[in-house]
Amino acid sequence: MPGYNIPDVLVVGMGGGGAVVAKELAEQGLGVVVLEAGAWLEPARDFAGLEWEMTGQIDSVFRWGPVDRTRLPWPRILDGVRSATQTAGVGGNTLQSAGSSPRAYPGSVTPGWPLDYGDLIPHYEKVEATLPVVVPDVIAPKDQLFIEGCERAGLAHVAGPDVTGPGWRIQPNAILPVASRHTAADGCTQCGGCLTGCRNPAGSRAAHTAKRGANASYAPLAMATDNCEIRTGCFATRVLTEERGGRVRVRAVRYRDAAGKMFEQDAEVVVLAGGAVETPRLWLASGLPVGPHTGRGLTTHWFEYVVGVVPRETGPDLGQASMARADFPGEGFLQSLGAGPLATALLAYGGAWPRPSTGPWATRGKMLGPDLKRRMEAYRHTLLIACGVNDDPSPESSVTLSGDVRDEHNPAPVIRYRASAGTAARRDRLAKRAAEILLAAGAIPESIHRADAPPALVHQMGTMRMSASPEDGVVDGACEAHGVDGLFVADASVLPDALGGASPTLTIQALATRTAGKIAERHFGALERRIVRGR
Amino acid sequence: MASPERTIAALAEAVIPSPPDDQTAGAGDVAAERFVLHYLTFLDPSLPGLLAAALDGVAAARRSVPFEAGLFEAMDSEERLRALRLLGEHEDPGLRDLAELALALVMAAYYGEWTGQDETGAITGTPVGWDLVGYAGPAESVPGLLA
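Those sequence lines, one after another, are chains E and Z. Per my numbering: the first sequence = residues 99 to 633. Per my numbering: the second sequence = residues 1000 to 1146.
See the structure below:
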């Protein structure tokens, strides 16, 4: 561990975005310190593969709470939201994601963005090579069935990473190629454990697990430079600024370690990468300049789930969590999703209370009692389709600070989500497409069930949007704060919209790669200096 | 004698019924209420009592009778589910959230790993829910799906 007194760059959060910035800048010779609220877990030791143990959110390994799991999770006030996925720990939410890594739909990068799609392509390519992103060549039964349904429903196959029209394709996943049955080589063992934390091939250390969450890819690469120090169990509580030459610039970050001791860390540049909830929370708690977009414009992909029972075995617990997708640029996406029995029960049958509904489904909403048991007994013949919906940014959806609830760090975040009429309409259309695909795949018509899932923030985005002018956003086209020099954001909060509905992780990481370059260019002389300061 | 534990057991049994209301083992057979009570108490020791009182409250509303502890438990499964819906759609968002939390915990008790774990958390038997749905548990590899 380098043990910097004053690092060049201080990163807050070692999730999907923060780990990329840390690796990119440390690799260029800059001294990087990362403050990470959670631990850096060792998959072979810490990931049990059990659904409740890993993902239950209350005292689970993946949760938003202190490293000490006997303590309560950190409070959030949820308004119009059933749950919000946040994960403390190196890797952040990539620890419990499916690994799906599509690019944004080109048409979604609109004039509202301070850059164009072409600017992103070299950064996409770099991330895709680094993780790597792989299109798997051995497809699990559930995904094969999804593809059959898509084809019979008239959807064309689309090839290539830049998708401009509707069609199905094999899911580009941040997962190593499928392992060979003839050797003990590294690779994906198709164990089905993506959502509960990748721990295979058996005995893997973090850097060698098949799913390339930030814990297994960018974080080890950052550490390999010997220019990066990760301080785990350390929670940033304030961003401190100073006036220099008549301008406000960042000076330091105050933080608390797991034992409760407070520290203040100076740095030339600070990068906030705690996600679309924690970044605005820290910003607001720090008294940084607040404009009309600070903490506003929260988007998600308000997931819906449509499920059917087919006469043949689907193997919902086998293979990568999702190996096929159908894209509908501007509307959103559908993907086959394999999960264990608990996630299946909660996602497919734990939705809103039933209400009258017309559509190509037989039932809709929460299912309980004997009906739930019969459905779950058909688990091995179940095909679950997740619908991710393109979402309209709205000032009604926001992250603000609670006036009366707080944790040991700061006032709790109030996470408020209100879907627009446009989002709701797109969601209905996607659910109908999912039902049509299920029917085309041979699902029993009476088994088609729409979950009617309440908003659950899985892909939270947009609360610190980037913009060309200070009137239209919080950070500029380089993701540096409009009003605070040296303060950057490198997470999903900078996204000005919901990417046309595409899963955001790869775009977050491509943007973070670009942001790292901008940091070097603006503040460190275009990376010509290779001397690490402050050791 | 009504108690939060018995009221929550009645809730769990309605959500995942046991014989004779259903053919296969249910929440009552695995004492799912213990799991629910553990987590509610962990979050806030007042929650089990609050949930039980809320369930009795909606049971009273459904039957148009004065509040009385034990009313929810006295209902049959179908009536309990209707009363539970009243709580799930209550005007108080805190009560709605409590109903959703309780439902999620019942499902977790039954379809998660808990019924197969010993006191240390080790899997020592097949969880009941896994057995009924045909889930073999976490695997290291699926040989049939390798390259």
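Glycine residues also receive a C-beta, built at the ideal position from the N, C-alpha and C atoms.
- Cβ-Cβ distances below 7 Å link L1102 of chain Z to V1014 in the same chain, with the five nearest sequence neighbours on each side left out; the list follows chain order.
- Annotated as proximal: V497 of chain E and T561 of chain E, with beta-carbon spacing under 8 Å.
- When Cβ pairs closer than 8 Å are counted between the two stretches, the stretch 451–460 of chain E is seen not to touch the stretch 347–360 of chain E, the count staying below three.
- I104 of chain E sits in coil when the DSSP states are folded into three classes, being neither helix nor strand.
- The beta carbon of G1069 of chain Z lies closer than 6 Å to those of A1001 in the same chain, with the five residues before and after it left out.
- If you look at I328 of chain E, you'll find it isn't in any alpha helix (DSSP H); it sits in the beta strand (DSSP E) that goes 326–330.
- Rounded to whole angstroms, E246 of chain E and P439 of chain E show a C-alpha spacing of 24 Å.
- The beta carbons of G449 of chain E and G463 of chain E sit closer together than 8 Å.
- For E1088 of chain Z, the nearest CB of chain E lies under 8 Å from its own CB, placing it at the interface with that chain.
- Under the three-state reduction of DSSP output, A596 of chain E falls in the coil class, being neither helix nor strand.
- In summary, P234 of chain E is buried, with 16 or more beta-carbon neighbours lying within 10 Å of its beta-carbon over all protein chains present.
- Taking a 10 Å sphere around the C-beta of N508 of chain E, we find 16 or more other C-beta atoms and assign the residue as buried.
- Interface with chain E (8 Å Cβ-Cβ cutoff): L1010 of chain Z is excluded.
- In the DSSP annotation of this structure, the continuous segment of the beta strand (DSSP E) that includes F586 of chain E starts and ends at 585–587.
- Membership of M360 of chain E in the beta strand (DSSP E) is indicated by the continuous run 360–364.
- Look at the beta carbons and you see the stretch 141–152 of chain E not touching the stretch 326–346 of chain E: under three pairs across the two are nearer than 8 Å.
- One thing to note: S206 of chain E has its Cβ within 8 Å of the Cβ of G598 of chain E.
- Three or more Cβ pairs closer than 8 Å define a contact, and the stretch 359–370 of chain E meets that threshold against the stretch 109–121 of chain E.
- For L1097 of chain Z, no Cβ of chain E is located within less than 8 Å of the residue's own Cβ.
- Under the three-state reduction of DSSP, S434 of chain E is assigned to strand.
- When the alpha-carbon of D505 of chain E is set against those of E:V404, E:P171, E:V132, the nearest one is in E:P171.
- Where V1014 of chain Z is concerned, the enclosing alpha helix (DSSP H) starts and stops at 1003–1014.
- Counted as a single uninterrupted DSSP element, the stretch harbouring D574 of chain E is not any alpha helix (DSSP H), since DSSP gives it neither H nor E.
- The beta carbon of L1097 of chain Z sits closer than 6 Å to the beta carbons of L1050 from its chain, once the five residues preceding and following it are set aside; these are given in chain order.
- For the pair S434 of chain E and K240 of chain E, the CB atoms are nearer than the 8 Å cut-off.
- K309 of chain E carries a strand assignment under DSSP once its states are collapsed to helix, strand and coil.
- In the three-state scheme derived from DSSP, where H, G and I count as helix and E and B as strand, D177 of chain E is classed as strand.
- At a cut-off of 8 Å between C-beta atoms, C289 of chain E counts as an interface residue with respect to chain Z.
- Against chain E, the beta carbon of S1076 of chain Z has neighbours under 8 Å at G467, listed in chain order.
- Against chain E, the CB of T1023 of chain Z has a partner CB under 8 Å away; the residue lies at that interface.
- Taking one beta carbon from each stretch, the stretch 376–386 of chain E and the stretch 580–592 of chain E have 3 or more pairs nearer than 8 Å; the two touch.
- By the neighbour-count definition (other C-beta atoms within 10 Å, threshold 16), S1045 of chain Z is an exposed residue.
- Contact residues of the stretch 413–445 of chain E toward chain Z are D415, L416, G417, G438, P439, L440, A443, L444 (C-beta to C-beta distance below 7 Å).
- Within chain Z, R1084, G1087, E1088 have C-beta atoms less than 8 Å from the C-beta of W451 of chain E, given in sequence order.
- Close to W150 of chain E, with beta-carbon spacing below 8 Å, are these residues of chain Z in chain order: A1107, G1111, E1112, W1113.
- For E475 of chain E, the chain Z residues whose Cβ falls inside 7 Å of its Cβ are L1131, V1132, in order along the chain.
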